[in-house]
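Below you'll find the structure, written out as structure tokens, and then a few comments.
There are 2 protein chains.
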Amino acid sequence: MNIGDVAARSGVPPKTIRYYEDIGLVRPERSANGYRAFRETDVHKLTFLGRARALGFSIENCRALLALWEDDRRASAEVKRIASIHLEEIDRKIAELGEMRETLADLVDACAGDLRPDCPIIHSLTSGSAPRDA
Amino acid sequence: MNIGDVAARSGVPPKTIRYYEDIGLVRPERSANGYRAFRETDVHKLTFLGRARALGFSIENCRALLALWEDDRRASAEVKRIASIHLEEIDRKIAELGEMRETLADLVDACAGDLRPDCPIIHSLTSGSAPRDA
DNA sequence: CCTTGACCTTCCACCTGCTGGAACCCCTAC
DNA sequence: GTAGGGGTTCCAGCAGGTGGAAGGTCAAGG
Numbered sequence: 040m041n042i043g044d045v046a047a048r049s050g051v052p053p054k055t056i057r058y059y060e061d062i063g064l065v066r067p068e069r070s071a072n073g074y075r076a077f078r079e080t081d082v083h084k085l086t087f088l089g090r091a092r093a094l095g096f097s098i099e100n101c102r103a104l105l106a107l108w109e110d111d112r113r114a115s116a117e118v119k120r121i122a123s124i125h126l127e128e129i130d131r132k133i134a135e136l137g138e139m140r141e142t143l144a145d146l147v148d149a150c151a152g153d154l155r156p157d158c159p160i161i162h163s164l165t166s167g168s169a170p171r172d173a
Numbered sequence: 040m041n042i043g044d045v046a047a048r049s050g051v052p053p054k055t056i057r058y059y060e061d062i063g064l065v066r067p068e069r070s071a072n073g074y075r076a077f078r079e080t081d082v083h084k085l086t087f088l089g090r091a092r093a094l095g096f097s098i099e100n101c102r103a104l105l106a107l108w109e110d111d112r113r114a115s116a117e118v119k120r121i122a123s124i125h126l127e128e129i130d131r132k133i134a135e136l137g138e139m140r141e142t143l144a145d146l147v148d149a150c151a152g153d154l155r156p157d158c159p160i161i162h163s164l165t166s167g168s169a170p171r172d173a
């Protein structure tokens, strides 16, 4: 199977597949003409990678998950551990973005958005106070 | 004022300040010895930048906001426009992370996390089905 | 006067995770 | 034979810094 077919079937773009080979996530064979020759398992691997990436797992986590995926004698605890840590990280990011959102929404709300130069957003970025009062 | 003092007062690390000079966000003078010589306004600018970055504004948005900050005749509408667009982007990111979180939380929840190899997380990444039932 | 240590300078490499493009090869169809 | 749609390699670049090496500067202490 050529890279284009694999890309179509796994949903991972050819460029990305080549990159994944580069960093050792997949190791396709080579045909006589120099083309990468993928097996069914490679398609499965890449699909797996695509899903893991879509859940926000880092490449390094993907590498670990892939190893566990390939290991019949894995302990599900290890998978759960990786996923839990990642989940916490996502929660942290959501919290961080949520705080940004709150502050920013308040500022946008407080700004008249007209032709006058006076602007609570600029003011807040300058002096660091949120426009809670006023 | 030397870069260390400015860093301490603005909260922006020296390395980052140099980088900001590199990309033209600040333009400190130079002392006879070659050291960067910052004025009070540079401290204010960097503080402004630090706050804007903390709110997640991109460097290019920061550049635009800085220009508006320096323009006495700005229209607050322009500031609000930039902030609103950024706010929408944050909302999109939060939504995206929220979806990841949901899926991942379900998976983590469904995983026994013991010594057995059977794992809904791995299974979901393999076959694409969430463990809604079971 | 010399040294020590904390500054400062520049430049270059690295991080994450790809993506775009150039220059080239291969294979099939017409 | 030639046009097209594959494939290949390698190099550069995105954001937004960060780390480190090699070296210059300056104030204080011996």
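Chains as they are written, first to last, in the working numbering: chain A, 40 to 173; chain B, 40 to 173. The C-beta atom is built at its ideal place from N, Cα and C for all residues, glycine as well.
Are the CB atoms of residue j and residue i within a distance shorter than 7 Å?
i, j, result
"A116/B", "D153/A", "yes"
"D81/A", "V65/A", "yes"
"A30/A", "L164/B", "What is shown of chain A runs 40 to 173, which leaves residue 30/A out entirely."
"L143/B", "P159/B", "no"
"G89/B", "M139/A", "no"
"I161/B", "W108/A", "yes"
"R57/B", "P67/B", "no"
Give the DSSP bridge partners of residue i, in chain order.
i, result
"E68/B", "A76/B"
Could you confirm whether any beta carbon from chain A is found closer than 7 Å to the beta carbon of residue i?
i, result
"K84/B", "no"
"R90/B", "yes"
"S166/B", "no"
"M174/B", "Within the shown structure, residues of chain B are numbered from 40 to 173, placing residue 174/B beyond reach of any answer."
"F77/B", "no"
"G95/B", "yes"
"D81/B", "no"
How many Å lie between residue i and residue j at the Cα?
i, j, result
"L104/A", "R113/A", "10 Å"
"A149/A", "S97/A", "38 Å"
"A106/A", "D157/B", "15 Å"
"L85/A", "F87/B", "44 Å"
"L136/A", "S70/A", "48 Å"
"A46/A", "N100/B", "35 Å"
"D111/A", "R102/A", "16 Å"
"P52/B", "K54/A", "36 Å"
"R155/A", "V118/B", "11 Å"
Does any residue of chain B bring its CB to less than 7 Å from the CB of residue i?
i, result
"I161/A", "yes"
"V118/A", "yes"
"V147/A", "yes"
"R171/A", "Any reading at R171/A is ruled out, since the residue's pLDDT is 48, under 50, leaving its predicted position unreliable."
"C150/A", "yes"
"I133/A", "yes"
"P67/A", "no"
Legend entry - Secondary structure, alpha helix (DSSP H): runs of 4+ residues fully inside the segment 107-154 of chain B: 115-149
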